[in-house]
Amino acid sequence: MSITNTQSSRGPSLRRAPRLFTHSIRGWLPIAPFIGFVAVFLLMPAVVVFQRALGRVDGPKAPMVEAITGQYRKSFIFSMQLSAITAILGVIIGTMVAGSIVRLGHRRGIRNAFTGYSAVAANLGGIPLAFAFLAALGMQGLITKLLKTTGVDLIGMGFKVSDFWGIVVVYLYFQIPLMTLIMLPALDGLKPTWREAAANLGAGDRQYWRFVALPLLLPSLIAGFLLLFANAFSAYATAYALSSGSSKLVPVQIRFFLQGNTITGKENLGYALAAWMIIIMTVSMTGFIMLRRRAERWRR
Amino acid sequence: MKQRNILAKCVLIVIGLFYVLPMLSMARFAFQRVPMALLGWDTLFKRWTIQPLFTMMSDPIFRQSAFLSLRLAFLSALVTLLVLVPTVVYVHVSMMRARPVVEIISVLPFVVPAIALVVGIAGAFRDLAPWFIRSDYSLVPFYVIIALPFTFRSIDNGLASIDVKTLVDASRSLGASWTRTLWSVIVPNIRVAVASASFLTMTVVLGEFTIASLLLKETLPLILSQSQGREPQGSFAVGLVLLVITASLLGLINRFSRRRNMAQSVTLL
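Going down the list, the sequences are from chains B and X.
In my numbering, each residue's number is its place in the first sequence (first place is 1) plus 74.
In my numbering, each residue's number is its place in the second sequence (first place is 1) plus 579.
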C-alpha cells in the first residue's frame with residue numbers, strides 16, 4: 075500500500091503545483107485512453123444523433139415532433155406495447171420459474187440446470203433464435219405439428235410467428251430466463267426467520283406474503299420489468315428475421331432511413347426516431363439501476 | 580406443501596420444454612430430410628444427415644463471411660482486453676474513487692440500442708472518415724463498445740477477488756516494471772476474468788446483426804439471414820452451430836465464475 079502511494083505521488087511537478095488539482099488530473103490521466111475510446115465510438119455517435127434530431131427544421135414540423143406523430147407514433151406504440159407485454163409475461167413466468175426452483179431447492183441438480191441454462195438463454199437472440207422459432211412454430215413447425223396431434227390448431231387459430239403474438243413468444247425465450255436470474259437472489263434473500271417472526275406475531279400465510287414478502291420483492295419485480303422492457307425495446311435482429319423486415323417496429327422504421335451507410339430522404343427524421351429510442355432506454359435503465367440498489371438493501 | 584411441489588415441478592417441466600423444443604425443432608429441420616407432413620414415429624429416426632452443413636461450408640460467400648466473423652471476434656476480444664485491463668487494473672490499484680465513473684461509463688452502451696448507434700455512426704463518420712466505415716474492421720470498436728457492460732463486470736469482478744494492491748507492491752518492490760507487473764503478475768491471476776471477457780466479446784460479435792447489416796458488412800449473421808430463402812436447411816444448420824458455440828462459450832464462463840464464487844458475471848446483474 076505505502077509503496078503504491080509513493081509511486082503515484084512521485085514526481086517533482088507535484089510538490090510545486092497546487093497539490094489537489096494536479097494530483098487529481100494526474101490520477102485521471104491513465105484512464106483517459108478508455109474514456110477517449112468510449113467518447114469516440116459511443117458518445118460521439120450518440121451526440122450526432124441528438125444534434126441532427128434537434129437541428130435544422132426542413133419540414134413543417136420539427137423532426138423530434140414528427141417522429142412521434144402519425145405512422146411513427148403508431149410505430150412507437152407498437153414497439154412499446156410489444157416490449158411491455160413481453161416484459162409483463164416475462165416477469166410473471168420468470169418469477170414463477172424462480173419460485174419453483176427455490177421450492178425444489180433441495181435438488182441441486184434442477185437448480186444448477188435451470189440457472190445454467192438461464193444464463194445462456196438470457197443472452198441468446200439474433201438471427202439463429204428466429205430460425206429456431208420458425209422451425210418450431212412456423213407453418214411446418216415441430217411444435218405446431220405436436221400441438222395439432224393433441225387437437226390444438228395453432229395456424230387455424232390465426233397464430234403466426236411473424237405477428238405480434240409470435241414475436242412475443244419468441245422474445246419470451248430470452249425474457250423468462252433473464253427474469254429468473256433477477257428473481258432467484260431476491261427469493262433466496264427472503265430469510266426463513268422473517269416468516270417465523272411474522273407467524274409468531276400472528277400473521278397467516280397470506281398476510282406474510284402481502285405485508286412482508288411482497289414489499290421486499292417489489293423493487294426487484296419492478297426493476298425486472300424495466301430491464302425486460304428495455305431489453306425487448308432495443309431488440310431488432312430477431313424480429314427482423316421473423317417477419318422479413320415488414321414489421322412495424324421502430325428499429326425497422328429507422329432502417330428505411332438508413333440505406334447502406336447513408337441516411338436518405340427526410341434524414342433528420344431517422345435521427346429523431348433514434349433519439350427517442352435513446353431517451354426511452356435511458357429512462358427505463360435509470361429506473362432499473364435505482365430500483366436494483368433498493369432491492370439489494372435487504373440482502374445482507 | 581406436497582401439492583405446491585407438484586405445481587413447481589409442472590412449471591419447470593413446461594418451461595423446460597419451452598427451452599428445449601425450439602432447439603430440437605431447429606436441429607430436425609436442419610439435419611433431417613423428412614418433410615414435416617411425413618414425420619411420425621416410424622420416420623423419426625430416418626434420413627438424418629449433416630450434408631446441409633457441408634453444402635453451406637463449400638459455399639465461398641459463406642466461408643468468407645465465417646472467416647470475417649472469426650477475425651472480427653478475435654480482434655474485438657483483443658481490443659477489449661487492451662482497452663479495459665490496464666484501465667481497470669489502474670483503478671483498482673490506485674484510483675478506487677474513479678471506479679463509479681468507469682462503471683457508469685461502461686454501462687452507457689445499454690442506453691444506446693444498436694440501431695440508434697448505427698444511425699449515429701453513419702452520421703458521425705460518413706463525412707469525417709469515410710474510409711473508416713468502408714473498412715470491414717470498423718466494426719471492431721463498436722463491438723467492443725456493445726460488449727463493454729459485460730466485459731467490464733467480468734474484469735472488475737476478477738480484480739475484486741484478488742488482493743491486487745499487495746501483488747503490485749510485491750512485484751514493484753522486487754523491481755518489476757509496470758508492464759511486467761501487469762503482464763506476468765496481474766493477468767495470470769485474473770486469467771479466468773480475462774477469458775470470460777474475451778468469450779463474452781466473441782459471443783457478441785458472432786451474434787451481432789444490426790450494425791453489420793446497416794453498414795453492409797457481410798458477417799456471418801448477415802449471410803445467414805440472406806441465405807435463409809436460398810438454402811434454408813444449410814442456413815438453419817449453421818444457425819444451430821452458431822447457437823451451440825454461443826451457448827458453450829456462455830456456459831464455460833458461467834462455470835468458471837461459479838467456481839470462483841462470482842456468479843452472474845454473464846448478465847449485468
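No residue lacks a Cβ here, since even glycine has one placed at the ideal position from N, Cα and C.
All figures in this text were calculated on a predicted structure; none of them were measured in a lab.
Exercise. Could you please give the first and the last residue of the uninterrupted alpha helix (DSSP H) stretch that includes H180 of chain B?
Key: As a position in the first sequence, residue 180 of chain B is number 106, starting the count at 1. Premise fails: H180 of chain B is in no alpha helix (DSSP H) and is neither H nor E.
Self-check item: Closest by C-alpha distance to I166 of chain B, when choosing among B:L252, B:K135 and B:G129
Solution: Stepping through the first sequence from its first residue, residue 166 of chain B is reached at position 92. The candidate whose alpha carbon is nearest that of I166 of chain B is B:L252.
Quiz prompt | Residue burial classification, L848 of chain X (beta-carbon count within 10 angstroms, cutoff 16) | solution = Counting from one through the second sequence, the residue named residue 848 of chain X turns up at place 269. Annotation note: pLDDT 43 at L848 of chain X (below 50); position unreliable, no value reported.
Quiz item: Name the chain B residues whose beta carbon is nearer than 7 angstroms to that of S604 of chain X?
Solution: Translated into positions along the second sequence, residue 604 of chain X becomes position 25. Ordered by position in chain B, the residues that pass the 7 angstroms Cβ test against S604 of chain X are A206, A209, A210, G215, L216 and I217.
Quiz item: Run through DSSP, which three-state label would R583 of chain X get?
Solution: Mapped onto the second sequence, residue 583 of chain X falls at position 4. Residue state, collapsed to three classes: helix.
Quiz item: Between which two residues does the alpha helix (DSSP H) carrying G230 of chain B extend?
Solution: Here residue 230 of chain B is taken as the residue at index 156 of the first sequence, counted from 1. Looking at the DSSP string, G230 of chain B is not in any alpha helix (DSSP H), and its letter there is neither H nor E.
Exercise. Give the straight-line distance between the Cα atoms of R607 of chain X and R713 of chain X, rounded to the nearest whole angstrom.
Key: Your numbering for residue 607 of chain X matches position 28 in the second sequence. Your numbering for residue 713 of chain X matches position 134 in the second sequence. Computed Cα separation, rounded: 39 angstroms.
Quiz item: chain X partners of G190 of chain B, CB-CB under 7 angstroms?
Solution: Here the question's residue 190 of chain B lines up with position 116 in the first sequence. The answer, in chain order, is G830 and N833.
Exercise. Can you give me the Cβ contacts of L221 of chain B inside the same chain, cut-off strictly under 6 angstroms, excluding the 5 residues immediately before and after it?
Key: Stepping through the first sequence from its first residue, residue 221 of chain B is reached at position 147. Contacts found: L228.
Quiz item: Just the Cα atoms here: how many angstroms apart are L799 of chain X and F711 of chain X?
Solution: Taking the second sequence and counting its residues from 1, one reaches residue 799 of chain X at position 220. Taking the second sequence and counting its residues from 1, one reaches residue 711 of chain X at position 132. About 21 angstroms.
Practice problem: Give a yes or no on whether 8 angstroms exceeds the smallest Cβ distance from I109 of chain B to chain X. | Solution: As a position in the first sequence, residue 109 of chain B is number 35, starting the count at 1. Yes, contact with chain X.
Quiz item: By Cβ distance below 6 angstroms, which residues in the same chain neighbour F778 of chain X in space, the five residues on each side in sequence not counted?
Solution: If you number the second sequence from 1, residue 778 of chain X lands on position 199. Only L828 and I832 meet the Cβ criterion.
Quiz item: Taking the alpha-carbon positions, what's the L163 of chain B to S98 of chain B distance?
Solution: Residue numbering aside, residue 163 of chain B sits at position 89 when the first sequence is read from its first letter. Residue numbering aside, residue 98 of chain B sits at position 24 when the first sequence is read from its first letter. Their Cα atoms are separated by approximately 48 angstroms.
Quiz item: Which whole-angstrom value is the C-beta distance of I296 of chain B and L365 of chain B, which I expect to be below 8 angstroms?
Solution: Residue numbering aside, residue 296 of chain B sits at position 222 when the first sequence is read from its first letter. Residue numbering aside, residue 365 of chain B sits at position 291 when the first sequence is read from its first letter. The Cβ separation is near 5 angstroms, so the contact holds.
Quiz item: Leaving out the 5 sequence neighbours to the left and right, which residues in its chain are closer than 7 angstroms to L216 of chain B when beta-carbon positions are compared?
Solution: Translated into positions along the first sequence, residue 216 of chain B becomes position 142. Closer than 7 angstroms at Cβ, skipping near neighbours: A209 and A210.
Quiz prompt | 8 angstroms contact criterion, which S157 of chain B and F303 of chain B should meet: CB distance rounded | solution = Residue mapping note: residue 157 of chain B aligns to position 83 of the first sequence, counting from 1. Residue mapping note: residue 303 of chain B aligns to position 229 of the first sequence, counting from 1. Indeed, because the Cβ distance is near 5 angstroms, the residues count as touching under 8 angstroms.
Quiz item: What's the gap between the Cα of R732 of chain X and the Cα of A739 of chain X?
Solution: Along the second sequence, one-based indexing puts residue 732 of chain X at 153. Along the second sequence, one-based indexing puts residue 739 of chain X at 160. Whole-angstrom Cα-Cα distance: 10 angstroms.
Exercise. Answer with buried or exposed for L178 of chain B, where buried requires no fewer than 16 other C-beta atoms within 10 angstroms of its C-beta.
Key: The residue you call residue 178 of chain B lines up with position 104 of the first sequence. It counts as buried.
Quiz prompt | Local conformation of Q611 of chain X per DSSP, three classes | solution = Mapped onto the second sequence, residue 611 of chain X falls at position 32. Strand, per DSSP.
Practice problem: In the DSSP assignment, find the unbroken alpha helix (DSSP H) run with I328 of chain B in it and report its ends. | Solution: Counting from one through the first sequence, the residue named residue 328 of chain B turns up at place 254. Here the alpha helix (DSSP H) through I328 of chain B covers V324 to F331.
Quiz item: Nearest chain B C-beta to F711 of chain X closer than 8 angstroms, yes or no?
Solution: One-based indexing of the second sequence puts residue 711 of chain X at position 132. Not one chain B Cβ lies under 8 angstroms of F711 of chain X.
Quiz item: If we call anything under 8 angstroms between Cβ atoms a contact, is V719 of chain X one with L785 of chain X?
Solution: Locating residue 719 of chain X in the second sequence gives position 140, counting from the first residue. Locating residue 785 of chain X in the second sequence gives position 206, counting from the first residue. Their beta carbons are not under 8 angstroms apart, which means V719 of chain X does not touch L785 of chain X by this criterion.
Quiz item: Could one say the Cβ of N197 of chain B lies closer than 8 angstroms to chain X's Cβ atoms, at least one of them?
Solution: Taking the first residue of the first sequence as 1, we reach residue 197 of chain B at position 123. Yes, because at least one Cβ of chain X sits closer than 8 angstroms to the Cβ of N197 of chain B.
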